[in-house]
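In numbering that gives the first Met the number 0, the protein residues as written are 0 to 427.
For every residue, glycine included, the Cβ atom is placed at its ideal position computed from N, Cα and C.
Remember, it's a predicted structure, so these values are computed and weren't measured experimentally.
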Amino acid sequence: MTFTIKEKDSQNRVLTVELNREDLGRYEREAEHALGSDLKIDGFRKGKVPNDVVRKQLGEAAVREAALQTAMQRSLNQILAREGLDVVEASDLSVKENTAEKLVYSVNLRLFPTVVLPPLDTIKIERRPVGVEPKELDDALESIRASRADVINTDRPAAAGNRVEVDFEVHDGGQIIDGGTSQNHPLVIGKNNFVPGFEEQLIGMKKDETKEFSLTAPADFANKEVAGKKLNMKVTMRLVQEVKLPKLDDAFARRAGKFENIDQLILSIKEGLLREKEEKESQRVRLAAMDKLVAGAKCDISEQMVSDQLDSMTQSFDQDLHRRNMELGLYLAKVGKTQEDLRKEWRENAKKQVSMSLSLHALAHEKDIKVAPEEVDAALEALVKSAVAGTPDGTIPSDLDLDVLRRDLESRLLTEKTLQYLEHICVS
Numbered sequence: 000m001t002f003t004i005k006e007k008d009s010q011n012r013v014l015t016v017e018l019n020r021e022d023l024g025r026y027e028r029e030a031e032h033a034l035g036s037d038l039k040i041d042g043f044r045k046g047k048v049p050n051d052v053v054r055k056q057l058g059e060a061a062v063r064e065a066a067l068q069t070a071m072q073r074s075l076n077q078i079l080a081r082e083g084l085d086v087v088e089a090s091d092l093s094v095k096e097n098t099a100e101k102l103v104y105s106v107n108l109r110l111f112p113t114v115v116l117p118p119l120d121t122i123k124i125e126r127r128p129v130g131v132e133p134k135e136l137d138d139a140l141e142s143i144r145a146s147r148a149d150v151i152n153t154d155r156p157a158a159a160g161n162r163v164e165v166d167f168e169v170h171d172g173g174q175i176i177d178g179g180t181s182q183n184h185p186l187v188i189g190k191n192n193f194v195p196g197f198e199e200q201l202i203g204m205k206k207d208e209t210k211e212f213s214l215t216a217p218a219d220f221a222n223k224e225v226a227g228k229k230l231n232m233k234v235t236m237r238l239v240q241e242v243k244l245p246k247l248d249d250a251f252a253r254r255a256g257k258f259e260n261i262d263q264l265i266l267s268i269k270e271g272l273l274r275e276k277e278e279k280e281s282q283r284v285r286l287a288a289m290d291k292l293v294a295g296a297k298c299d300i301s302e303q304m305v306s307d308q309l310d311s312m313t314q315s316f317d318q319d320l321h322r323r324n325m326e327l328g329l330y331l332a333k334v335g336k337t338q339e340d341l342r343k344e345w346r347e348n349a350k351k352q353v354s355m356s357l358s359l360h361a362l363a364h365e366k367d368i369k370v371a372p373e374e375v376d377a378a379l380e381a382l383v384k385s386a387v388a389g390t391p392d393g394t395i396p397s398d399l400d401l402d403v404l405r406r407d408l409e410s411r412l413l414t415e416k417t418l419q420y421l422e423h424i425c426v427s
């Protein structure tokens with residue numbers, strides 16, 4: 000194998016690789032063995048099919064194609080490791096010559112820019128103590144209690160604590176506001192999940208009764224267009240239910256899970272709340288440490304990296320809109336913006352995300368933080384099992400690309416390990 004590397008600029012290279020007949024022969028034998036390991040032919044045990052039979056059964060073209068794919072991927076990885084090239088992306092692979100005597104291909108390499116990190120001993124973050132307040136524990140216990148409550152339909156007027164279902168319309172100047180209409184909308188009177196004063200107006204209403212009233216939306220109302228405005232409400236009561244809360248005793252604890260008594264349930268809730276707070280504090284520490292790491296890092300961020308990040312952000316936003324049954328084009332028309340407007344608004348955030356990614360990558364490289372193949376295997380196996388469990392026939396979903404999934408998992412695991420290291424080293 001021979002190769003040349005041509006420098007285009009500080010971050011881009013063109014790699015040209017030539018593999019000779021001997022190299023190709025080795026990869027073809029590997030391909031024959033790999034293809035034959037899953038081949039079922041009468042008279043041969045699985046995995047024991049001779050190479051010449053594999054070629055005859057599958058054809059020369061199939062063996063050659065498999066060999067070329069392995070040859071290019073393996074040789075590329077070998078060269079990158081040998082030359083110590085830290086590659087963001089390998090793209091535009093092009094086969095220049097493909098004969099029985101040799102294979103010549105080229106590929107564009109985009110390298111990670113050089114990042115100079117600040118001394119880690121200058122980054123100190125104080126971890127705040129966490130604990131569970133009695134009210135937090137009581138609220139969590141009441142939430143579990145409420146989730147197991149019995150509800151009984153009643154013809155009595157609605158009262159505080161009742162579960163009700165209502166049809167409502169919210170008008171501003173004669174027009175229904177965005178998201179201001181719903182049918183059979185469930186709520187518990189007294190939870191205060193609506194505009195202040197809304198639930199109080201429901202008290203005393205009977206089933207099928209309609210009522211109109213006005214309320215002023217608070218200044219911090221989610222719909223900014225009507226925040227602080229006087230809104231006209233029309234509500235029809237569709238259902239009134241009394242809520243019967245279960246008694247908090249040992250029997251309740253046993254029904255709620257594998258607990259012998261109520262004290263065990265309360266302890267489990269407290270431990271869960273504490274874990275959540277510890278994880279939240281850990282995230283705060285990591286973000287604070289990352290902010291200081293990025294602020295002290297020196298790095299030239301290319302326009303291409305910012306553009307790629309903006310592409311990724313746009314794609315994620317589009318997917319999020321689809322989950323809410325909305326198209327990106329319709330959203331943009333509704334808010335009176337273009338994709339270019341979004342990219343301009345997101346640009347600084349995109350640059351920050353690129354800086355964070357590069358700084359973490361540089362830290363992992365500097366401290367030799369790595370993910371073992373068996374760690375990736377275990378994570379992939381767990382994820383595939385979960386995906387298979389969600390299919391009716393118990394097979395791997397056809398749209399699940401295991402190679403892409405493996406690379407994504409390896410990246411996530413490396414990021415998590417690097418953040419763990421940063422958190423450990425920077426906490427004072």
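Taking C-beta atoms as the reference points, Val16 and Lys7 fail to come closer than 8 Å. DSSP places Ser90 inside the beta strand (DSSP E), whose first and last residues are Val86 to Asn97. In the same chain as Gly328, and ignoring 5 residues on each side of it, no C-beta atom comes closer than 6 Å to its own.
Judged by DSSP secondary structure, Lys336 falls outside any beta strand (DSSP E); it is assigned neither H nor E.
For Glu17, the uninterrupted beta strand (DSSP E) segment begins and ends at Asn11 to Asn19. Taking the Cβ atoms as the reference, Leu421 lies roughly 26 Å from Leu404, outside the contact range of under 8 Å. Here the alpha carbon of Val426 sits roughly 21 Å from the alpha carbon of Ser356. Contact annotation, Ala218 with Val194: C-beta distance approximately 12 Å; criterion of less than 8 Å not satisfied.
In the structure shown, Pro185 falls within a strand segment according to DSSP collapsed to helix, strand and coil. Beta-carbon to beta-carbon, Leu75 and Ala65 are separated by about 16 Å, too far to satisfy the 8 Å threshold.
The closest CA to that of Lys101, considering only Leu408, Gln419, Leu18 and Pro245, is found on Leu18.
Arg285 has no beta-bridge partner at all, per DSSP. In the pairwise beta carbon analysis, the region 241-252 is classified as not touching the region 368-388: fewer than three pairs are separated by under 8 Å. According to the DSSP assignment, Thr414 belongs to the alpha helix (DSSP H) that extends over Leu401 to Cys425. Between Ala99 and Arg25 a beta carbon distance of about 14 Å is seen, past the 8 Å cut, so the two are scored as non-contacting. If you look at Arg237, you'll find it in the beta strand (DSSP E) that goes Lys229 to Lys243. Excluding five sequence positions before and after Asn183, the CB atoms of its chain that fall closer than 6 Å to its own CB belong to Glu164 and Arg237, given in chain order. For Asp138, the uninterrupted alpha helix (DSSP H) run begins and ends at Pro133 to Ser146, by DSSP. Per the coordinates, the alpha-carbon of Thr153 lies some 16 Å from the alpha-carbon of Leu244.
Counting along the chain, Asp307 sits inside the alpha helix (DSSP H) bounded by residues Glu302 to Arg322. In the structure shown, Asp166 falls within a strand segment according to DSSP collapsed to helix, strand and coil. A buried status is given to Thr417, since no fewer than 16 other beta-carbon atoms sit within 10 Å of its beta-carbon. Apart from the 5 residues on each side of it in sequence, Gly295 sits with its Cβ closer than 6 Å to the Cβ of Pro117 in its chain, given in chain order. Residue pairing from DSSP places Gln174 in a beta bridge opposite Asp171.
The C-beta of Glu347 has fewer than 16 other C-beta atoms within 10 Å across all chains shown, which makes the residue exposed. Leaving aside the five residues that flank Cys298 on each side, the residues in its chain whose CB is nearer than 6 Å to its CB run, in chain order, Pro112, Val114 and Leu357. DSSP, read as helix, strand or coil, puts Ile4 in strand.
In terms of Cβ geometry, Lys350 and Val305 form a close pair [threshold 8 Å].
When C-beta atoms of the region 311-331 are compared with those of the region 164-177, fewer than three pairs fall below 8 Å, so the two segments do not count as touching.
In the DSSP assignment, Ile151 falls outside any alpha helix (DSSP H) and within the unbroken beta strand (DSSP E) covering Asp149 to Asn152. A distance of 8 Å or more separates the beta carbons of Arg162 and Gln263.
Of all C-beta pairs linking the region 121-136 to the region 273-280, three or more are shorter than 8 Å, placing the two stretches in contact. When the five nearest sequence neighbours on each side are left out, the beta carbons in the same chain lying within less than 7 Å of the beta carbon of Phe212 are those of Gln200 and Met232, in order along the chain. In the three-state scheme derived from DSSP, where H, G and I count as helix and E and B as strand, Val103 is classed as strand. Of the candidates Leu84, Gly256 and Ile261, the residue whose Cα lies closest to the Cα of His364 is Leu84. For the set Gly196, Leu110 and Ala157, the Cα lying nearest the Cα of Lys205 is the one of Ala157.
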